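Just below is one structure, and these are the notes that go with it.
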Amino acid sequence: MTNFDAWEGFTPGHWNDDVNVRDFIQKNYTPYDGDESFLEGPTDRTNRLWGRLQEYQKQERAKGGVLDMETDVVSDIDAYGPAYIDDSMKDDEQIVGLQTDKPLKRAFMPYGGIRMAEEALTTYGYTPNPQLHEIFTKYHKTHNEAVFDTYTPEMMTARHCHIVTGLPDTYGRGRIVGDYRRVALYGIDYLIEKKEADKAATGHNDMMTGKVVRLREEIAEQIKALKKMKKLAESYGFDISKPAKTAKEAVQWL
Numbered sequence: 078m079t080n081f082d083a084w085e086g087f088t089p090g091h092w093n094d095d096v097n098v099r100d101f102i103q104k105n106y107t108p109y110d111g112d113e114s115f116l117e118g119p120t121d122r123t124n125r126l127w128g129r130l131q132e133y134q135k136q137e138r139a140k141g142g143v144l145d146m147e148t149d150v151v152s153d154i155d156a157y158g159p160a161y162i163d164d165s166m167k168d169d170e171q172i173v174g175l176q177t178d179k180p181l182k183r184a185f186m187p188y189g190g191i192r193m194a195e196e197a198l199t200t201y202g203y204t205p206n207p208q209l210h211e212i213f214t215k216y217h218k219t220h221n222e223a224v225f226d227t228y229t230p231e232m233m234t235a236r237h238c239h240i241v242t243g244l245p246d247t248y249g250r251g252r253i254v255g256d257y258r259r260v261a262l263y264g265i266d267y268l269i270e271k272k273e274a275d276k277a278a279t280g281h282n283d284m285m286t287g288k289v290v291r292l293r294e295e296i297a298e299q300i301k302a303l304k305k306m307k308k309l310a311e312s313y314g315f316d317i318s319k320p321a322k323t324a325k326e327a328v329q330w331l
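As numbered in the working numbering, residues 78 to 331 make up the sequence shown, in order.
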């Protein structure tokens with residue numbers, strides 16, 4: 078049974094032996110049937126940060142709904158260094174982390190489809206980087222392109238006639254919903270260890286079929302993503318290699 082110091086005081090279960098957040102929750106949650114009287118109002122620190130963010134929001138509305146957009150950097154876990162709502166007030170931020178390098182700046186996400194990503198830029202007066210256009214039309218296949226390659230003639234006809242909506246090329250996007258609670262409960266190193274064990278066991282005694290090859294590649298990509306998350310946390314001064322030890326750390330790890 079695996080055990081970390083951060084787990085002391087929790088009811089053990091299957092979650093100690095394997096990555097199983099559901100079992101942890103079922104073993105350790107306590108229902109609360111009271112009212113909201115335990116809540117406190119915002120602190121001065123929160124009010125200062127919220128006031129600064131509201132200034133950004135006003136600027137965003139004045140510019141037609143978009144304050145700023147990325148044109149040169151492709152969105153990724155570690156595409157940017159650490160960023161704060163306001164560098165002069167970053168000591169007020171108890172939980173840190175922005176999607177890009179500036180507050181309310183929209184990321185550039187071409188993997189789903191380069192045309193839609195570029196249209197989002199041009200709609201608000203931004204010019205897409207021509208080098209990125211070349212990369213994602215000539216060298217790197219996007220999700221949209223892959224979906225169209227697999228459509229049957231009947232699917233294409235149904236889509237063209239608007240008989241079926243919500244097809245993968247418009248809404249699905251192949252999005253992945255990550256269970257980031259795992260990071261807070263287990264830490265990145267343990268998750269990487271488990272993923273490496275999954276990869277070692279995949280195809281070990283099986284024929285290397287297309288399905289097995291794709292699964293091994295997918296697990297390898299997951300391991301790379303976990304390592305990038307660890308690198309991202311380090312840039313903010315946090316070590317998420319181990320489970321969170323406090324409620325504040327748990328929220329930050331999430």
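For each residue, glycine too, the CB sits at the ideal point set by N, CA and C. This structure is a prediction, so every number in the text was calculated from the model and none was measured.
**Asked** From N124 to Q329, what distance separates their C-alpha atoms?
**Response** By 1-based counting over the sequence shown, the position of residue 124 is 47. By 1-based counting over the sequence shown, the position of residue 329 is 252. The C-alpha of Q329 is placed about 20 Å away from the C-alpha of N124.
**Prompt:** Based on the DSSP output, what are the partners of D145 in its beta bridges?
**Reply:** Against the sequence shown, residue 145 aligns to sequence position 68. Partner(s): K182.
**Message:** For the alpha helix (DSSP H) containing D121, name the first residue and the last one.
**Reply:** As a first step, residue 121 is located in the sequence shown; it is residue number 44 there, counting from the start. Counting along the chain, the unbroken alpha helix (DSSP H) around D121 starts and ends at 121–139.
**Prompt:** For R129, which residues from the same chain have a beta carbon less than 8 Å from its beta carbon, with the 5 sequence-adjacent residues on both sides left out?
**Reply:** Here residue 129 refers to the residue found at position 52 of the sequence shown. Answer for R129: I162, D163, M166, listed in chain order.
**Asked** Are the segment 218–226 and the segment 195–208 touching, with three or more C-beta to C-beta distances below 8 Å?
**Response** Under the Cβ criterion (8 Å, minimum of three pairs), the segment 218–226 does not count as touching the segment 195–208.
**Item:** Simplified DSSP state of V289, which is helix, strand or coil
**Value:** For the purposes of this step, residue 289 is identified with residue 212 of the sequence shown, where counting begins at 1. Here V289 carries a helix assignment [DSSP, helix/strand/coil].
**Request:** Tell me V151's beta-bridge partners as DSSP assigns them.
**Result:** Within the sequence shown, the letter at position 74 stands for residue 151. V151 has F185 as its beta-bridge partners, per DSSP.
**Asked** Where do the N-terminal and C-terminal ends of the alpha helix (DSSP H) with I265 fall, by residue?
**Response** What you label residue 265 is simply residue 188 of the sequence shown in a count that begins at 1. Looking at the DSSP string, the run of the alpha helix (DSSP H) that includes I265 is 265–278.
**Prompt:** Is the segment 283–292 close to the segment 103–115, with three or more CB pairs under 8 Å?
**Reply:** The segment 283–292 vs the segment 103–115: no contact.
**Asked** Taking buried to mean at least 16 other C-beta atoms within 10 Å of its own C-beta, is G249 buried or exposed?
**Response** Translated into the one-based positions of the sequence shown, residue 249 becomes position 172. Interpretation of G249 is limited by its pLDDT of 47, a score under 50 that renders its predicted location unreliable; no figure is taken from the coordinates.
**Prompt:** If we count the other Cβ atoms within 10 Å of its Cβ and call it buried at 16 or more, is A274 buried or exposed?
**Reply:** Residue 274 sits at position 197 when you count from the first residue of the sequence shown. Exposed, since its Cβ has fewer than 16 Cβ neighbours within 10 Å.
**Request:** Figure out for me which residue from T214, Y203, K179, G174 has the closest Cα to the Cα of R192.
**Result:** Taking the first residue of the sequence shown as 1, we reach residue 192 at position 115. Distance check between R192 and each of T214, Y203, K179, G174 places T214 closest, using alpha-carbon atoms only.
**Asked** Under three-state DSSP, which class holds P230?
**Response** Walking along the sequence shown from the start, residue 230 turns up at place 153. Three-state DSSP puts P230 in a helix.
**Asked** Helix, strand or coil: which one does DSSP assign to G249?
**Response** The residue given as residue 249 occupies position 172 in the sequence shown. Per-residue confidence for G249 stands at a pLDDT of 47, beneath the threshold of 50, marking its modelled position as unreliable; no derived number is given.
**Request:** Alpha carbon to alpha carbon, how far is E270 from H239? Give it in angstroms, no decimals.
**Result:** Position 162 of the sequence shown, counted from the first residue, corresponds to residue 239. Position 193 of the sequence shown, counted from the first residue, corresponds to residue 270. Rounded to whole angstroms, the separation of the alpha carbons of E270 and H239 is 47 Å.
**Request:** Mind reading off the beta-carbon distance from Q171 to K307? Whole number of angstroms is fine, and I expect it under 8 Å.
**Result:** Looking up residue 171 in the sequence shown gives position 94. Looking up residue 307 in the sequence shown gives position 230. Taking 8 Å as the upper bound for CB-CB distance, Q171 and K307 are not in contact here, some 21 Å apart.
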